[in-house]
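Undergrad: Protein chains in written order, with the numbering used here: chain A, 14 to 192; chain B, 14 to 411. One structure is given below, represented as structure tokens, and several questions about it will come after.
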Amino acid sequence: MNKRILAALLLVTVPAFAGADSQWVLQQSTLSYHVSHPLHQTEGVSHAAKGKGVCHAGQCDFLIAVPVKSFDSGDSNRDLHMLQVTRGAEFPLVTVRTRLPESAAASATINADLEIQFAGQTAQYKQIPFKVEAQGGETHITGTIPATLTDFQIDPPSLLTMPVKNDIPVRVDMTWHQQ
Amino acid sequence: MQDAQESERSRAYYEVEDHGMVATPDHDRDDVEEIIPVNRRGMRQLFWEMNKSSSSGKGTVMLRTYRVLVAHIPHEAMAPSERVRWRMLRKAFRNRRQCCVLGVVFCVCLSVAFAPPLMAQAAGMGALTGKLVDASGHPVANATVTATNIDNGQVRSATTGTDGSYKFEGLPPGNYRLKFEAAGFKTLELPSAAVDGTETALPDEKLEAGETIPANPSPVQQENLPNAPSSSKTEPTLADLGLSPEQTQGNAREQALLDKRTHMLKIHQRMGLITTGPLIATVIASMGAGGKSTSTASRDLHVALGSLTGDLYGITAYYAIRAPRIPGTKKRGPIKFHEAMAWIHGPGMILTPILGAMAFNQKSNGEKVHGIASAHGPVAIVTAGAFGAALLSVSVKF
């Protein structure tokens, strides 16, 4: 009798746990791109990213979106130039999608496959390493995405006729909260 | 000993002169012992070597579209047409050398702003051609070929024609990474293709049939990726992030404004750099124009350079003033200082020639420069200083 009750409980509870959804919300973020020019080394920083992760059946789908206009390099003229070359008015958001196992939050590092939409183009980056630090209900993630201008078919912006380098590594610093 | 070497070189030089050079794409003479492909720079080196050493003059050089085979052929064995070609080639080489010298002078005379493109032209722009075929050798039309300059990241793209051929013209010399994409075929990449000042023909590239990777993968394809976002209903959307429609929707009109603004400011930058040249020259020429022992010619030169500076400055200012403003943009950073300087050098550029004209008249009448006209020099110095500071403020990070 007891075995039947136990089996019945298992049948009820396992699907219930399997179907249990949890969510992650991006609390704080600092995204910064680095541009290298013969006369300047510039960083554009944004704190305006919004993100959400939805977990289902042990897998979490994350979506992060950042307005292109929100990147600030300390010079409005340069930011407008970047906005123009990245077609930021036409494609106002940078979106990043990734899928991670729910257990990734407990790891020290994660390797994520990222799909980034930017400037009307989509680029995929495989196995990008991120450092993970979990503290209470919050998870701190840092890493660098090795983006290039050609990945998004962006003409290199130039100053005094000299173009910037193709590499624009994007440093990511995010704090996620699990709900 | 040195004389003996010089004699040997002279003798070798005449031996080379006595031998022949044959220009033909399919030469197969028996007396050709070795074929060494070289580029345009190599051709110059080859000629130089021929003139300084006892080289037997063997080798193959590329000059534009001609493959030139240098062979060890006795002069008397040469056909008359071959002798003509030999002379034409030497003449072409000499002309090219003269053109290079003129090109360098031309570059120096013009401003720094146009230096990179002009130098590229002087060095000779190249071209890249090729053809895409499928596994059965049929041409692949409408394929996208992307050429990325490995050195500076500049990207050019072309589409193949109905015969599968593609061509990139006006490519700066360098190494290029090529990417071939076509619907229904696997993407193919060529890690490196060298382009010099000539037209480089690549061998036919064969595309393998396979799945197309579009720019925006569909959700189904995304799920096929090993660690890609799922297409499940739980996947978050932009609406879930609380973004307003203004933040998510593109604005083509604003993009057009940005494009126009950047275009005009690029011209503004170039013209500003160009103006710097005559501005400095005017300041230098002023040293011989204002003193007691100055000549009319010195003053005329100063006036001419000053007028040129003023005209160029006017064009530069026009492109900055007429560049469209982007609504909702607050000015920050060095651009504020750049614009503040414009409030100094702008009026200065108007005032300086007026005062200069007054000073010029006084000097021409044999008078000492006096009154308000004596402010011409100080005003010009302040104007030039403000112009330089404006230029530096956007060029160098302080």
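Ideal Cβ placement from N, Cα and C applies to all residues, glycine included. Everything numeric in this text was worked out from a predicted model, so none of it was measured.
#1: Suppose the cutoff is 6 Å on Cβ atoms and the five residues either side in sequence are ignored; what does the same chain contact list for B:Pro291 look like?
#2: Closer than 7 Å, Cβ to any Cβ of chain B: which residues of the segment 77 to 89 of chain A, in chain order?
#3: CB-CB under 6 Å to B:Met101, same chain, minus the five flanking residues each way: which ones, in chain order?
#4: How many angstroms separate the CA atom of B:Ala222 from the CA atom of A:Gln137?
#5: Under 9 Å between beta-carbons, which chain A residues line up against B:Pro347? List them in chain order, please.
#6: Quick check: the Cα distance between B:Ala333 and B:Leu271, rounded to an integer number of angstroms?
#7: Taking only beta-carbon atoms, is A:Gln97 less than 8 Å away from chain B?
#8: For B:Glu248 and chain A, any beta-carbon pair shorter than 8 Å?
#9: Using the Cα positions of A:Asp164 and B:Pro258, report the straight-line distance between them to the nearest angstrom.
#10: Comparing C-alpha positions only, which one of B:Asp253, B:Thr200, B:Val316, B:Leu201 sits nearest to A:Gly66?
#11: Along the chain, where does the alpha helix (DSSP H) that runs through B:Ala336 open and close?
#12: Can you give me the start and stop residues for the alpha helix (DSSP H) that A:Pro114 sits inside?
#13: Measuring alpha carbon to alpha carbon, tell me which of A:Gly133, A:Ile158, A:Thr55 ends up nearest A:Ile167.
#14: Looking only at C-alpha atoms, which of B:Thr213, B:Thr275, B:Ile280 sits nearest to B:Asn188?
#15: Can you give the Cα-Cα distance for B:Ser408 and B:Ala399, rounded to whole angstroms?
#16: Where do the N-terminal and C-terminal ends of the alpha helix (DSSP H) with B:Gln282 fall, by residue?
#17: Just confirm the distance between the C-beta atoms of B:Gly359 and B:Val392, as a whole number of angstroms; I'd bet it's less than 8 Å.
#18: Please name the residue in A:Asp74, A:Met187, A:Leu162 whose C-alpha comes closest to that of A:Glu151.
#19: For a contact defined as C-beta to C-beta under 8 Å, what are the partners of A:Lys193 on chain B?
#20: Please report the straight-line C-alpha distance between A:Gly71 and A:Ile154, rounded to a whole angstrom.
#21: What beta strand (DSSP E) runs, 3 residues minimum, are completely inside the segment 109 to 173 of chain A?
#22: Got a sec: which bits of the segment 191 to 212 of chain B sit with their beta carbon under 8 Å from any beta carbon on chain A, in order along the chain?
#23: Tell me the rounded alpha-carbon separation between A:Ala147 and B:Arg169.
#24: State yes or no: is the beta carbon of B:Asp39 nearer than 8 Å to at least one beta carbon in chain A?
TA: For this structure:
#1: Close CB contacts of B:Pro291 within its chain, under the 6 Å cut and outside five residues either way in sequence, are with Leu318, Leu321, Thr322 (chain order).
#2: Ala78, Pro80, Gly87, Asp88, Ser89
#3: Because the pLDDT at B:Met101 is just 49, under 50, the model does not fix this residue reliably, and the value given afterwards should be weighed accordingly. Correct list: empty, nothing qualifies.
#4: 22 Å
#5: Gly87, Asp88, Asn90, Arg91
#6: 14 Å
#7: Yes - at least one Cβ of chain B is within 8 Å of the one on A:Gln97.
#8: yes
#9: Distance between the alpha carbons of A:Asp164 and B:Pro258: 27 Å.
#10: B:Asp253
#11: It is not in any alpha helix (DSSP H) - B:Ala336 carries neither H nor E in the DSSP assignment.
#12: Careful: A:Pro114 lies outside any alpha helix (DSSP H), inside the beta strand (DSSP E) at 106 to 114.
#13: A:Gly133
#14: B:Thr213
#15: 14 Å
#16: 265 to 299
#17: Actually they are not in contact, since the Cβ atoms of B:Gly359 and B:Val392 sit about 12 Å apart, beyond 8 Å.
#18: A:Met187
#19: Nothing about residue 193 of chain A can be reported from this structure: the residues present for chain A run from 14 to 192 only.
#20: 19 Å
#21: 122 to 131, 134 to 148, 151 to 158
#22: none
#23: 45 Å
#24: Note that B:Asp39 has pLDDT 37, beneath the 50 cutoff, so the model's placement of it is unreliable and no number is given.
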